[in-house]
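Numbering (this note's numbering), first residue to last: 49 to 360. Positions of the beta carbon are idealized from the N, C-alpha and C atoms, including for glycine. Since we're looking at a predicted model, the values are computed, not measured. Here's the structure we're looking at; comments come further down.
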Amino acid sequence: MGSMREVSTGRTRLLEPEHLIGRAPTCALCLDEPYVSAQHALVRWTPDRWELKDLGSRNGTFLDGNRLKPGEVYLLGPGSRLAFGKPVQEWELVDGSSPPVMVVPLDGSEPVLVEGEMLGLPSSEDPQVTIYRNEGLWLLEKSDESIAPITNQQTFEVAGRVWRFCCADDTSKTWLTNAPPSNAGSMGVEVRHLQLSFSVSSDRRETHLELSCGGHTVDMGSRTHNNLLLALARRRLEDAVEGLPETTCGWMYQEDLSHEPTPEFPQLNSDVFRIRKQFAGAGVLDAANIVERRPRTRQLRIGTGRLSIVQL
Numbered sequence: 049m050g051s052m053r054e055v056s057t058g059r060t061r062l063l064e065p066e067h068l069i070g071r072a073p074t075c076a077l078c079l080d081e082p083y084v085s086a087q088h089a090l091v092r093w094t095p096d097r098w099e100l101k102d103l104g105s106r107n108g109t110f111l112d113g114n115r116l117k118p119g120e121v122y123l124l125g126p127g128s129r130l131a132f133g134k135p136v137q138e139w140e141l142v143d144g145s146s147p148p149v150m151v152v153p154l155d156g157s158e159p160v161l162v163e164g165e166m167l168g169l170p171s172s173e174d175p176q177v178t179i180y181r182n183e184g185l186w187l188l189e190k191s192d193e194s195i196a197p198i199t200n201q202q203t204f205e206v207a208g209r210v211w212r213f214c215c216a217d218d219t220s221k222t223w224l225t226n227a228p229p230s231n232a233g234s235m236g237v238e239v240r241h242l243q244l245s246f247s248v249s250s251d252r253r254e255t256h257l258e259l260s261c262g263g264h265t266v267d268m269g270s271r272t273h274n275n276l277l278l279a280l281a282r283r284r285l286e287d288a289v290e291g292l293p294e295t296t297c298g299w300m301y302q303e304d305l306s307h308e309p310t311p312e313f314p315q316l317n318s319d320v321f322r323i324r325k326q327f328a329g330a331g332v333l334d335a336a337n338i339v340e341r342r343p344r345t346r347q348l349r350i351g352t353g354r355l356s357i358v359q360l
């Protein structure tokens with residue numbers, strides 16, 4: 049992960065794809081020195097390398113001791129030393145690899161990495177906002193169930209804090225659109241190709257789940273949040289038996305879920321997040337689609353119609 053280190057103190061900072069350096073509080077690297085300009089310089093990731101540009105600062109930007117020409121682009125590599133305003137306070141590029149996908153709190157706290165292409169904020173236990181990748185786009189899903197694309201440098205607020213989303217990769221992945229793949233673990237599958245098999249204990253206290261596709265089976269175990277999926281699976285199967293169109297099968301209001309053995313809102317959001325994370329860990333490409341939402345309707349449904357339920 050791209051990072052640079054302050055030579056004198058050893059403190060390390062992860063690099064954002066467009067890492068603005070200066071005295072202004074909105075800079076990614078804020079240097080509170082009178083000889084540093086408000087927006088002094090920019091360290092920027094290109095498809096395969098880091099670049100440095102002085103933004104017309106009053107006292108100049110230095111690379112390996114040499115003052116740069118304002119506005120010109122200079123290449124950086126591991127070991128490159130940068131200084132801003134004076135060549136005395138140096139920063140060294142210690143990792144020249146690509147920047148991670150992360151969210152950066154604008155209050156100066158440490159960034160939070162997006163791992164497994166999914167993140168809940170302010171925490172996975174209380175995911176008032178979920179950021180995830182689906183069909184090549186990064187999406188932000190809020191607690192009011194609104195869903196919208198989010199792009200590099202976009203800011204948003206959650207739990208009274210403002211965050212900046214950082215992502216250098218805006219290219220789409222290749223997604224399976226026709227036949228299901230033969231191996232769910234190594235190739236990845238879309239939710240709609242999955243077969244979900246529920247086994248419910250006689251006392252209905254335990255729900256075991258397996259997912260399969262193309263002859264490959266993944267044991268998802270017995271988890272409390274399986275009960276939420278079970279309730280949604282039952283509704284989708286019931287609607288299919290009644291002959292409802294596929295696009296309308298399975299939608300369920302959150303209020304209806306309160307009558308099922310599932311958690312009530314807001315814990316429901318936590319369970320949705322845990323389910324999506326578990327499916328992502330199982331190699332499902334569009335894991336967020338395992339629980340679909342209709343924006344601003346408080347409706348949810350399970351993302352596949354290939355379902356079976358067995359009462360033990």
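Tell me, please, which residues DSSP counts as bridged to residue i.
i    : result
S145 : S145 pairs with nothing; no bridge assigned.
D267 : E258
M150 : L161 and C214
A89  : I69 and D102
Please classify residue i: does DSSP put it in a helix, a strand, or coil?
i    : result
Q302 : helix
I69  : strand
E81  : coil
Q347 : strand
D251 : coil
K101 : strand
Q201 : coil
S234 : For S234, the pLDDT reaches just 41, beneath the cut-off of 50, and the residue's location in the model is therefore unreliable, leaving the point undetermined.
Q137 : coil
G168 : strand
L333 : coil
E290 : coil
L242 : coil
K325 : helix
T178 : strand
L111 : strand
L62  : strand
A207 : coil
N226 : Unreliable positioning characterises N226 in this predicted model, as indicated by a pLDDT of 36, which lies under 50. The coordinate reading is nonetheless provided below. If DSSP states are grouped into helix, strand and coil, N226 belongs with coil.
R284 : helix
A131 : strand
Which residue from the options puts its Cα closest to that of residue i?
i    : options                   : result
T345 : D304, Q326 and K117       : D304
V239 : D251, L63 and L259        : L259
I323 : G70, G108 and L257        : L257
Y301 : F327, L285 and Q347       : Q347
S245 : D251, R252, G269 and V206 : G269
V358 : T255, Q202, V339 and P343 : T255
R282 : S249, V121, V339 and I350 : I350
E183 : N337, T352 and G353       : N337
C214 : L100, P73, T352 and W93   : W93
S249 : L242, R271 and H241       : R271
E163 : T199, Y180, R97 and V339  : Y180
G353 : L285, A328 and G331       : L285
Can you give the Cα-Cα distance for residue i and residue j, rounded to whole angstroms?
i    : j    : result
V237 : L360 : 29 Å
V84  : F204 : 28 Å
T57  : M49  : 20 Å
D334 : D102 : 41 Å
P148 : A216 : 8 Å
G144 : E64  : 12 Å
R53  : P126 : 11 Å
L116 : E66  : 19 Å
P95  : N275 : 44 Å
G233 : G262 : For G233, the predicted model reports a pLDDT of 44, less than 50, meaning its position is unreliable; a value from the coordinates is still stated below. Near 11 Å, if we compare the C-alpha coordinates of G262 and G233.
V142 : R61  : 10 Å
N231 : H264 : Confidence at N231 is low in this model, with a pLDDT of 40, below 50, so the placement of that residue should be treated as unreliable; the coordinate-derived value is given next. Those two C-alpha atoms are separated by around 6 Å.
L355 : R342 : 21 Å
V55  : K134 : 14 Å
W211 : V152 : 5 Å
A288 : T295 : 10 Å
F321 : G168 : 7 Å
V206 : K190 : 9 Å
W223 : E138 : Only weak support exists for where W223 lies, its pLDDT of 29 falling under 50; the value from the coordinates is given anyway. Their backbone Cα atoms lie some 44 Å apart in a straight line.
R59  : S146 : 19 Å
A11  : M150 : What is shown of the chain runs 49 to 360, which leaves residue 11 out entirely.
P377 : V136 : Here the chain comprises residues numbered 49 to 360, so residue 377 is not present and cannot be evaluated.
V160 : L188 : 15 Å
R253 : S247 : 11 Å
L68  : Q315 : 38 Å
Q326 : E165 : 12 Å
P118 : R106 : 10 Å
E140 : D80  : 19 Å
Between residue i and the ligand NAP, is the CB less than 6 Å from at least one heavy atom?
i    : result
D143 : No copy of the ligand NAP occurs in the structure displayed, which carries no ligand at all.
Does any residue of chain D bring its CB to less than 7 Å from the CB of residue i?
i    : result
L333 : In summary, chain D is missing from the structure at hand, where a single protein chain is found.
| Contact the region 166-176 vs the region 82-89: 3+ CB pairs below 8 Å | As far as the Cβ criterion goes, the region 166-176 does not touch the region 82-89, which means the pair count is below three.
| Below 8 Å, can you find three or more Cβ-Cβ pairs linking the region 126-146 to the region 96-114? | Counting C-beta pairs with one atom in each stretch, the region 126-146 and the region 96-114 have three or more that are closer than 8 Å, which means they touch.
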